[in-house]
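Numbering (our numbering), first residue to last: 827 to 1150.
Where a beta carbon is used, it is the ideal one built from N, C-alpha and C, also for glycine.
What follows is a single structure, written as structure tokens, with notes after it.
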């Protein structure tokens, strides 16, 4: 099959880049399976296993698609007729309404919020991460995500770490943040590491007692969750969005109660780093993701709609989900 993957950002991502990483891993896995892949990505992108076609964020996509492509897999909502069989993966809580029939979501609950049925869990190419030291001593907790987003609730994570009297290492945020207003976090219980590369992330996650993830929104998926599990760190978070699909009782604990999460954190040593690692490795690899997408590609090429109706985000009045 000849597939075009469309995401007008720079690939591979120079640092974290959640969606960029998923697109990259999917493209490489499809190429490994013998499919021909074109990457429509931002100028400056490079790739040794797929053809790169430069497209900027505002460029018309249809004119850039190679003529011999069988199917187009967009990772941004289409703004124009594509002219080829296509599907689009919705990675966030987008409010475009309605979306195409052939929209794919990244978790069951994510799809449900749009009145849709079709979803594919994200997967990562674990071969990128190298060997994992599962016997390392674990003394602190970590937070991994865009700390400036209030829905990610880094404040709640810091409060949990303080009450547990353990250090919290924050990846993806700074102590002083001026991008979304003046925010200065003064506490001795948290150290801020900003945006880290893969080597630094691996070093920190390998020594962590667990990921603190008390999000206050409907998390579409949570790559930080499966990355943390892969490095042997259990997850302590809220039961929102995809988290109940991903975090089972053997690899973490979910609650909207800070008291209940704190009690679980104090027992973090009972979770097996090896079991967390094996669980993420076996369930959330890029090969499984690619196989799932190939099944959707075949359905689209056969003229089937992936969803019975055009998905649209169901309205809600809540800005922040409960946290106590």
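Enclosing beta strand (DSSP E) for residue i [first to last residue]
i: residue 1126; result: Run containing residue 1126: none in the beta strand (DSSP E); it sits in the alpha helix (DSSP H), 1112-1127.
i: residue 941; result: Segment: none, residue 941 is in no beta strand (DSSP E) and carries neither H nor E.
Selection from the options that minimises the alpha carbon distance to residue i
i: residue 977; options: 1098, 1044, 1060 and 937; result: 1044
i: residue 1013; options: 901, 1000 and 898; result: 1000
i: residue 871; options: 859, 861, 847 and 894; result: 847
i: residue 876; options: 863, 895 and 882; result: 863
i: residue 1064; options: 1048, 1096 and 1056; result: 1048
i: residue 1067; options: 1056, 1057, 1026 and 1051; result: 1051
i: residue 995; options: 1038, 1121, 1042 and 854; result: 1038
i: residue 1140; options: 1036, 1026 and 939; result: 939
i: residue 1054; options: 1029, 1071 and 838; result: 1029
i: residue 958; options: 921, 991, 883 and 1059; result: 1059
i: residue 1119; options: 914, 842, 902 and 906; result: 914
i: residue 867; options: 859, 885, 1056 and 861; result: 885
i: residue 965; options: 932, 1026, 1094 and 865; result: 1094
i: residue 1072; options: 1057, 1086 and 1046; result: 1046
i: residue 1015; options: 1021, 923, 988 and 953; result: 988
i: residue 851; options: 954, 969 and 1144; result: 954
i: residue 932; options: 1135, 1096, 1069 and 1127; result: 1069
i: residue 1124; options: 879, 897 and 843; result: 897
i: residue 1040; options: 1017, 969, 1110 and 853; result: 969
i: residue 1092; options: 967, 935 and 887; result: 967
Nearest-angstrom beta carbon gap, residue j and residue i [assumed within contact, 8 Å]
i: residue 830; j: residue 899; result: 7 Å
i: residue 956; j: residue 998; result: Actually they are not in contact, since the Cβ atoms of residue 956 and residue 998 sit about 21 Å apart, beyond 8 Å.
i: residue 1061; j: residue 1105; result: Rounded, the Cβ-Cβ distance is 11 Å, inconsistent with contact.
i: residue 993; j: residue 1133; result: No, residue 993 and residue 1133 are not in contact; Cβ-Cβ is about 45 Å, not under 8 Å.
i: residue 1113; j: residue 856; result: About 10 Å separates the two Cβ atoms, so there is no contact after all.
i: residue 1090; j: residue 1150; result: Residue 1090 to residue 1150, Cβ: 15 Å. No contact.
i: residue 832; j: residue 902; result: 7 Å
i: residue 841; j: residue 1021; result: 5 Å
i: residue 986; j: residue 1088; result: 6 Å
i: residue 960; j: residue 1107; result: About 11 Å separates the two Cβ atoms, so there is no contact after all.
i: residue 882; j: residue 834; result: 6 Å
i: residue 1080; j: residue 911; result: Contact doesn't hold; Cβ gap of about 39 Å is too wide.
i: residue 975; j: residue 1111; result: That pair is no contact at about 27 Å.
Terminal residues of the alpha helix (DSSP H) in which residue i lies
i: residue 1105; result: 1099-1109
i: residue 938; result: 934-938
i: residue 1069; result: 1069-1072
i: residue 1087; result: 1084-1091
Paired residues, beta bridge with residue i - DSSP
i: residue 968; result: 995 and 1037
i: residue 915; result: 930
i: residue 1063; result: 1039 and 1080
i: residue 950; result: 1111
Complete runs of the beta strand (DSSP E) confined to the region 977-1053 [at least 3 residues]: The DSSP assignment places complete beta strand (DSSP E) segments of no fewer than 3 residues inside the region 977-1053 at 994-997, 1016-1018 and 1034-1039, in order along the chain.
Curious, which full-length alpha helix (DSSP H) runs of at least 4 residues does the region 827-911 contain? Taken in chain order, the whole alpha helix (DSSP H) runs of length 4 or more contained in the region 827-911 are 844-858.
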